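Let me begin by presenting the structure, written as structure tokens, before commenting on it.
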Amino acid sequence: MPLTLLGRQNPLASPSEQLKVLQEAGLPLSFEAQLDQVGLSPLCATGITVFQINVGKLCNQTCRHCHVDAGPDRPETMSFETAELCIKALAETDIPAVDITGGAPELNPHFRWLVEQSRKLGRHVIDRCNLSVLLLPSQADLAEFLAHHQVEIIASLPSYRAGQTDAQRGDGTFDKSLEALRLLNRLGYGRLDSGLTLNLVYNPVGAFLPPKQEAIEAQFKKELRLKHGIEFNRLYTITNMPISRFLEFLIDSGNYDQYMTRLANAFNPAAAASVMCRHTLSVGWDGRLYDCDFNQMLDLPINHGIPAHIRDFDPIQLNHRRIVTRDHCYGCTAGSGSSCGGTVT
């Protein structure tokens, strides 16, 4: 839905519009100035341990908090040629983990090929799954495929309560998520000693920071086990980033300035030193390279003289590249920090 911004209609459709809003937040310090104050400027990579591949924005859901702005009508999807370049680049390195995301990554026609080729190279593969995709008729054998290749599943579940989950992800999503989780449990996912890892992701439903990860994990495990008989390994808390749909929500609800100030005031130097971009390389659906998935959505490719496309992949330069930062990065450095793997401190 369009929103009124600065006296005009503005759906924040473009990354440049989003960056403009972030720059006008009126924060006491820019993120770059904050890094300089704590001796972390310029922020640089420390090597690459996660090769993240975003295969596109096509998704079977349309979630309120989605920083990708994914949905059923999105045409952006990684081609086979670009997928081949990803595997070629991966083979030139010893990067241990491949993190495949979207959209619903499983809907990309080359998703399974990427999994198979990554496993042939001996890499650990992570699938960022929305759970409901496992129930689509076209994906009837998907759960078995993931189990066969020992793919780690990181699945989003905003709450152990139906109302909160459906409010963020759509009516009926909670029940579908439970059905998918039971399917994964039957295959061994989330069970001790099965070798099949099932981790959940919690995003706050609203304009506030997530609670302590250990506390909310214990609560999720208790509620899902007792009420639904569901097991999982870990729960990751991720701060909602002021990007795309969540940014629109913040402005529509009048919470934007307060939320940005909250993030900035909660800046943690220890979290800043451990942000995921320092050990992650993100590949966009079109092959462009980014420091993280959030920068990808704001059209902020890697910079500072390093080739920014997978066809020009240079692991030596990329291992110690300078990170591109803007004020949205406060979202990853607030409190205990936030990353695709949960808190960082």
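Counting from 1, one number per residue, gives the positions in the sequence shown under the numbering used here.
We treat Cβ as the ideally placed atom computed from N, Cα and C, and that holds for glycine.
Predicted model only: the values in this text are computed from it and were never measured.
*On the premise that Ile323 lies in contact with Ala83, defined as a C-beta separation below 8 Å, what is that separation, rounded to the nearest angstrom?*
For Ala83 against Ile323, the beta-carbon gap comes to about 26 Å, at or over 8 Å, which does not count as contact.
*Return the residue from the list Gly305, Phe208, Asn255 that minimises the CA-CA distance to Gly331.*
Phe208
*asked:* Along the chain, where does the alpha helix (DSSP H) containing His228 start, and where does it finish?
replied: 213 to 228
*Residue from Lys222, Phe232, Glu217 with nearest C-alpha to Gly195*: The shortest C-alpha separation from Gly195 is found at Phe232.
*Does DSSP put Val38 in a helix, in a strand, or in coil?*
coil
*alpha helix (DSSP H) segment containing His110, residue limits*: Taken as a continuous stretch (DSSP letters only), His110 belongs to no alpha helix (DSSP H), as it is neither H nor E.
*Within 10 angstroms of the Cβ of Ala334, are there 16 or more other Cβ atoms? Answer buried if so, exposed if not.*
buried
*asked:* So, with DSSP's three-state summary, where would you put Val324?
replied: coil
_Contact between the segment 125 to 136 and the segment 72 to 91 (3+ Cβ pairs under 8 Å)_ = no
_Once the 5 residues before and after Gly188 are set aside, which same chain residues still bring their CB inside 8 Å of it?_
Ala147, Ser194, Gly195, Leu196
*asked:* Would you call the segment 225 to 240 in contact with the segment 277 to 286, where contact means no fewer than 3 C-beta pairs closer than 8 Å?
replied: no
*Run through DSSP, which three-state label would Asn199 get?*
strand
*Report the three-state DSSP secondary structure of Phe365 (helix, strand or coil).*
The requested residue 365 does not occur in the structure, where the chain is confined to residues 1 to 345.
*Got a sec, what are the start and stop residues for the alpha helix (DSSP H) His309 sits in?*
Segment: none, His309 is in no alpha helix (DSSP H) and carries neither H nor E.
_Ala143 to Gln117 span [Cα, whole Å]_ = Their Cα atoms are separated by approximately 18 Å.
_Rounded C-alpha distance that separates Arg191 from Val151_ = 14 Å
*Run through DSSP, which three-state label would Phe208 get?*
coil
*Contacting residues, own chain, Cβ-Cβ under 6 Å from Pro269 (five flanking each side not counted)*: Val38
*Is the Cβ-Cβ distance between Gln18 and Leu198 less than 8 Å?*
no
*Selection from Trp113, Asn295, Val201, Leu318 that minimises the alpha carbon distance to Asp327*: The shortest Cα separation from Asp327 among Trp113, Asn295, Val201, Leu318 belongs to Asn295.
*If we ignore side chains and look at the alpha-carbon of each, how far apart do Leu3 and Lys221 end up?*
A caution first: Leu3 carries a pLDDT of 35, below 50, which makes its placement in the model too unreliable to give a value.
*Where does Ala25 sit, in a helix, a strand or coil, going by DSSP?*
coil
*State the DSSP-derived secondary structure class of Thr237, mapped to helix, strand or coil.*
Strand.
*Alpha carbon to alpha carbon, what distance is there between Val133 and Gln139?*
Within the model, the alpha-carbon separation for Gln139 versus Val133 is close to 7 Å.
*Would you report the Cα separation of Met1 and Leu263, rounded to the nearest angstrom?*
In this predicted model, Met1 has a pLDDT of only 31, less than 50, meaning its place in the structure is not dependable; the value taken from the coordinates is given anyway. Met1 and Leu263: Cα-Cα distance of roughly 25 Å.
_Please state the DSSP three-state secondary structure of His149._
Here His149 carries a coil assignment [DSSP, helix/strand/coil].
*Over the uninterrupted alpha helix (DSSP H) stretch that includes Asp293, give me the two end residues.*
For Asp293, the enclosing alpha helix (DSSP H) has its first and last residue at 293 to 297.
*Enclosing alpha helix (DSSP H) for Asp99 [first to last residue]*: Segment 97 to 101 is the beta strand (DSSP E) holding Asp99; no alpha helix (DSSP H) there.
_Going by C-alpha to C-alpha distance, which of Phe51, Val50, Glu76 sits closest to Lys57?_
Glu76
*Counting along the chain, where does the beta strand (DSSP E) carrying Thr333 start and finish?*
From DSSP, Thr333 is part of no beta strand (DSSP E) but of the alpha helix (DSSP H) over 330 to 333.
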